[in-house]
Structures are given as structure tokens and as C-alpha cells.
């Protein structure tokens with residue numbers, strides 16, 4: 029079959045079913061799906077990669093805000109209590125459930141923070157048109173971190189807790205919660221414009 | 064070579080080509096044996112020991128699923144008395160409290176999704192062993208769905224984390240994490256690891272072998 033003799037640059041292999049196929053240049057809004065299993069192979073992204081750095085920086089600022097202020101506060105009979113994300117992790121640790129504290133720390137704080145830092149590094153390398161040290165490892169790490177970064181799940185958890193307490197206490201969403209919401213929206217926008225094959229394509233031509 | 068649905072295809076591995084699982088770059092198996100030339104990710108025909116690792120994580124998750132549902136995730140101490148809440152109990156409380164959309168959400172995230180994930184991973188793994196070509200496209204879809212929804216099960220862990228830290232009102236009320244919290248967190252993490260260790264290409268390989276046999 030002629031596919032076997034084609035240069036590798038014109039071929040793409042499906043990550044999900046290993047079928048080899050011809051890659052063609054996509055126009056705006058187009059999506060290349062695997063002819064065998066339907067997995068998405070390539071998507072037209074155009075110049076969207078340029079947006080990722082500003083979005084990531086904005087998300088980082090909001091992330092700092094989200095973690096410097098309480099997420100939620102309650103008031104019962106004049107007693108007021110509030111907690112931040114890191115505060116809840118410390119509290120879990122103090123109460124003798126370090127395993128749960130660790131899970132929350134990694135998925136709610138470390139992974140989202142690392143994602144923002146690494147994304148900034150990778151895109152700065154692209155903007156500077158220079159291959160920063162360790163860039164390959166960092167891009168791989170970004171891919172691996174993706175499922176473990178659960179800021180949006182945490183946000184939903186905060187909302188569920190508010191509703192649970194609404195019956196017995198006055199509840200106040202705090203600055204941290206609004207900032208967290210901004211982090212999620214900005215990160216989602218950045219992620220939508222970033223993909224690893226597209227990144228390397230850009231790095232090659234830069 | 065003809066495929067499951069009669070479509071013509073060549074698999075990369077049959078030509079000695081390797082697609083990088085991270086960046087998609089195509090390498091010849093001979094010239095570039097251990098790492099992708101572009102991004103440095105280890106190159107493998109298929110994920111190493113995919114089936115055994117996936118089975119191991121899945122089994123561990125299934126075992127943890129039992130204490131996760133039997134023991135309380137949350138223990139509250141109020142002036143009205145002590146109370147323990149299991150995961151299902153939390154859903155019932157939300158439902159009775161009138162916030163049924165939220166009750167449904169928590170029910171799906173904490174009960175339906177973890178159970179479905181355990182059952183679906185078992186089905187996928189067993190179907191590879193059986194070299195099944197039954198509903199191949201649907202199974203591939205199922206796996207994509209699992210990868211997408213699995214993380215939302217962490218919801219209950221975050222709810223516990225916030226409630227435990229927030230409800231510290233000395234004499235009035237306190238809440239503590241129960242023994243099921245860690246077990247439930249472990250179910251979510253282990254089943255995510257099971258899905259990540261599973262190489263979805265094995266579904267297609269297994270069906271292909273069956274076809275040609």
C-alpha cells in the first residue's frame with residue numbers, strides 16, 4: 029500500500045487504534061477524525077496558541093487570589109467561621125486524616141498550580157523563540173497532569189457544601205470562590221487553545 | 064488488510080512505525096527505539112504491562128469501594144447529638160432538604176460514576192482477553208467517556224474537606240472526616256490509574272487478531 033512509502037510528515041497514526049492515515053492541512057473549524065475509530069486526530073487551531081500565554085497569566089493571578097482569601101464563610105448564632113483551600117487541607121491533616129489531606133493537596137492545589145507554572149514556561153519558550161532547558165519533559169508533564177488538576181471539581185464541592193449548610197447557618201461565598209471561578213474559566217479557555225502536537229508544530233516553525 | 068467493518072487500514076505497528084503517545088510524532092521503530100525524537104516521551108508499541116496493571120488498580124479500587132460505602136464519610140457533633148453520614152446518606156439528606164438537583168448531582172458523581180467505572184473497566188479488560196470484536200466502536204466511546212467523567216467523583220472528598228474545616232464552632236457544632244473518606248478517595252484515584260494504565264489500542268488489536276484468526 030502506498031501509505032508505507034509516504035514520508036512520515038504526511039502521515040498520522042491514531043493514538044487510540046493505531047491506524048495509519050494521511051494527514052491533510054485543515055481549514056478553519058475543521059476537525060480530522062480517525063477513519064477507523066473516530067478519535068480526534070487533529071483540529072484546526074490556527075493562531076489560537078498565541079492566546080494561551082495571556083490567559084494563563086491571568087489565571088495565575090486569579091489562582092493566587094483564590095488561595096489568599098477564604099472560599100466560604102458561615103455564621104451561626106453570632107459565631108463566624110471561614111476556610112480557604114489550604115486551610116481545609118491543614119485542618120484535615122490536624123484531624124488525623126493525612127491521606128485525604130494529601131489527595132486534596134495534590135488534586136486541588138499542586139496539580140492546578142503546576143499546570144499554570146509549566147504552561148507559562150512552555151509558552152514563554154515559544155514566545156522567546158528559544159528552546160528552554162527541559163522543555164520536552166515539561167510539555168510531557170503538562171499532558172500527564174491534565175486529568176489530576178481538579179480545580180473545577182473543587183469549586184463544585186464548595187457549592188455543594190454551601191447548599192448543605194444553608195439550612196442550618198448563614199452562608200457567605202467569599203472572594204476566594206469568585207477568584208476560583210475566574211481561574212476555572214480562564215484555565216478552560218487556555219486548555220482549549222493548547223494541544224501538544226500543535227505546540228511542537230509551532231516550535232518547529234518558530 | 065481489511066478491518067472490522069470492512070474498512071481498509073494499516074496499523075502503524077505492522078509497518079514498524081511508532082506514534083508518540085504524547086505528541087503524535089511518528090518514528091521508525093528501528094532508528095528511534097526508546098524515546099520520541101521530538102518530545103522525549105518513551106516510545107512503546109503499547110503501554111507496558113497494560114492489562115496486568117489495569118487489572119491490579121481495578122481490583123484495588125473494587126476492594127476499597129466496599130468500606131467507602133459502608134463507613135461514614137462524615138461525622139457531625141452538634142448540640143442536637145452525634146450523627147454519622149455515609150455517602151448515600153448525604154444524598155438522602157440533600158434530597159429531603161429539597162435540593163434535589165444537587166442530590167442528583169452528588170448521586171451521579173459519588174455513586175453512579177464510581178460503580179459504572181468499575182463495571183465498565185471490567186467489561187473493557189475482559190473483552191480484550193476474549194479478543195472480542197463485539198460493539199468495538201461503542202466500547203471505544205465508553206472508554207473516552209470514562210476518562211472524561213472519572214475525575215468528577217472527587218466531588219465528595221472536596222465537600223468533606225470544606226465541611227470539616229468550616230464547621231468548627233466549638234460548642235455548637237463540629238464535623239470530622241470519617242473512615243470512608245480515605246477509602247472513597249482511594250477508589251477515585253485507583254480507578255483513574257486503572258483507566259490511565261489501560262491502552263485503548265488493545266481493544267482494536269484484540270478485535271483485529273480475532274478477525275484474522
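Chains as they are written, first to last, in my numbering: chain Z, 29 to 234; chain G, 64 to 276.
The beta-carbon is built from N, C-alpha and C at its ideal position, and this holds for glycine as well.
Keep in mind that this is a model prediction, so the values were computed, not measured.
Rounding to the nearest angstrom, what Cα-Cα distance links residue 131 of chain G and residue 184 of chain Z in this structure?
Approximately 21 Å, taken between the alpha carbons.
Thinking C-beta only, is residue 224 of chain Z closer than 8 Å to residue 100 of chain G?
The answer is no: Cβ separation not under 8 Å.
Considering only C-alpha positions, which residue in the set Z/69, Z/59, Z/64 and Z/87 is nearest to residue 82 of chain G?
Selected option, being the one with the closest Cα: Z/69.
Can you check whether the CB of residue 229 of chain G is closer than 8 Å to the CB of residue 189 of chain Z?
Cβ atoms of residue 189 of chain Z and residue 229 of chain G: closer than 8 Å.
Pop quiz: residue 219 of chain G and residue 136 of chain G are said to be a contact at Cβ under 8 Å. What is the actual Cβ separation, rounded to whole angstroms?
About 6 Å; that satisfies the 8 Å criterion.
Alpha carbons only, please: which of Z/33, Z/142 and Z/161 is nearest the one belonging to residue 169 of chain Z?
Comparing Cα positions, the closest option is Z/142.
Tell me the residue span of the beta strand (DSSP E) that contains residue 110 of chain Z.
Note, residue 110 of chain Z: beta strand (DSSP E), 107 to 111.
Could you list which residues in chain Z have their beta carbon closer than 8 Å to that of residue 220 of chain G, in chain order?
The contacting residues are 128, 131, 132 and 185.
What are the boundary residues of the alpha helix (DSSP H) that residue 128 of chain Z is part of?
It spans 126 to 132 - the alpha helix (DSSP H) in which residue 128 of chain Z sits, taken as one unbroken run.
Does chain Z have any CB closer than 8 Å to the CB of residue 152 of chain G?
It does not; no Cβ of chain Z falls within 8 Å.
Just reading off the alpha helix (DSSP H) that residue 153 of chain G is part of, what are its end residues?
First-last of the alpha helix (DSSP H) with residue 153 of chain G: 150 to 159.
Measure from the C-beta of residue 69 of chain G to each C-beta in chain Z and report whether the shortest distance is under 8 Å.
Note that residue 69 of chain G has pLDDT 45, beneath the 50 cutoff, so the model's placement of it is unreliable and no number is given.
Give the list of continuous beta strand (DSSP E) stretches no shorter than 3 residues that lie fully inside the segment 44 to 100 of chain Z.
You should have 47 to 50, 59 to 61 and 68 to 71.
Cβ of residue 65 of chain G less than 8 Å from any chain Z Cβ?
Note that residue 65 of chain G scores 42 on pLDDT, short of 50, meaning its location in the model is unreliable; the coordinates nonetheless yield the value given after this. Answer no: the Cβ-Cβ gap between residue 65 of chain G and chain Z never drops below 8 Å.
Measuring only the C-alpha atoms, how far is residue 77 of chain G from residue 257 of chain G?
Near 27 Å, if we compare the C-alpha coordinates of residue 257 of chain G and residue 77 of chain G.
How about residue 215 of chain G and residue 172 of chain G: are their beta carbons less than 8 Å apart?
In this structure, residue 172 of chain G lies closer than 8 Å to residue 215 of chain G by Cβ.
Tell me the DSSP secondary structure of residue 178 of chain Z in three-state form.
Correct three-state label for residue 178 of chain Z: coil.
Examine the Cβ distances between the segment 187 to 205 of chain G and the segment 198 to 213 of chain Z and report whether three or more of them are shorter than 8 Å.
Not touching, per the Cβ criterion.
Which partner residues of residue 237 of chain G appear in the DSSP bridge assignment?
BP columns for residue 237 of chain G point to G/140 and G/231.
Taking one C-beta from the segment 136 to 154 of chain Z and one from the segment 260 to 273 of chain G each time, how about it: are there three or more such pairs within less than 8 Å?
Counting Cβ pairs under 8 Å, fewer than three are found: no touch.
Any beta-carbon of chain Z closer than 8 Å to the one on residue 175 of chain G?
No, residue 175 of chain G lies away from the interface with chain Z (no Cβ there is under 8 Å from its Cβ).
Taking C-beta pairs closer than 9 Å, name the residues in chain G that residue 235 of chain Z reaches, listed in chain order.
The shown model of chain Z, from 29 to 234, leaves out residue 235 of chain Z, and the question about it has no answer.
Measure the C-alpha to C-alpha separation of residue 121 of chain G and residue 251 of chain G and round it to an integer number of angstroms.
One C-alpha to the other measures close to 10 Å.
I want to verify the contact list: residues of chain Z whose CB lies under 8 Å from the CB of residue 84 of chain G, in sequence order.
Within 8 Å Cβ-Cβ: 43.
Take the Cβ of residue 46 of chain Z as the centre, count every other Cβ of all protein chains shown within 10 Å, and call the residue buried at 16 or more, exposed below.
Answer is buried; the Cβ neighbour count reaches 16.
For a test of the three-state rule: what should DSSP assign to residue 98 of chain G, helix, strand or coil?
Strand at residue 98 of chain G.
If you count every other CB in all the chains shown that lies within 10 Å of the CB of residue 160 of chain Z, and 16 or more means buried, which is it?
So residue 160 of chain Z counts as exposed.
Between the segment 115 to 146 of chain G and chain Z, which residues of the former have CB atoms less than 9 Å from a CB of the latter, in chain order?
Flagged, chain order: 141.
With H, G and I counted as helix, E and B as strand and the rest as coil, what does DSSP make of residue 112 of chain G?
If DSSP states are grouped into helix, strand and coil, residue 112 of chain G belongs with coil.
Per DSSP, which residues does residue 201 of chain G bridge with? Please list them.
In DSSP, residue 201 of chain G forms no bridge with anything.
Mind checking whether residue 139 of chain G and residue 238 of chain G have CB atoms under 8 Å apart?
Yes, the Cβ-Cβ distance between residue 139 of chain G and residue 238 of chain G is below 8 Å.
Cα separation between residue 217 of chain G and residue 210 of chain G?
Approximately 13 Å between the Cα atoms of the pair.
Using a Cβ-Cβ cutoff of less than 8 Å, which residues in the same chain neighbour residue 73 of chain Z once the five nearest sequence positions on both sides are dropped?
Hits under 8 Å: 221, 223 and 226.
Could you round the C-beta distance between residue 59 of chain Z and residue 51 of chain Z to whole angstroms and report it? I think they count as a contact, below 8 Å.
Not a contact, Cβ separation roughly 13 Å.
Please decide whether residue 219 of chain Z counts as near chain G, where near means a Cβ-Cβ distance under 8 Å.
Chain G, which has no Cβ nearer than 8 Å to the Cβ of residue 219 of chain Z, makes this no.
The alpha helix (DSSP H) with residue 40 of chain Z in it runs from where to where?
Element bounds for residue 40 of chain Z: not the alpha helix (DSSP H) but the beta strand (DSSP E), 39 to 41.
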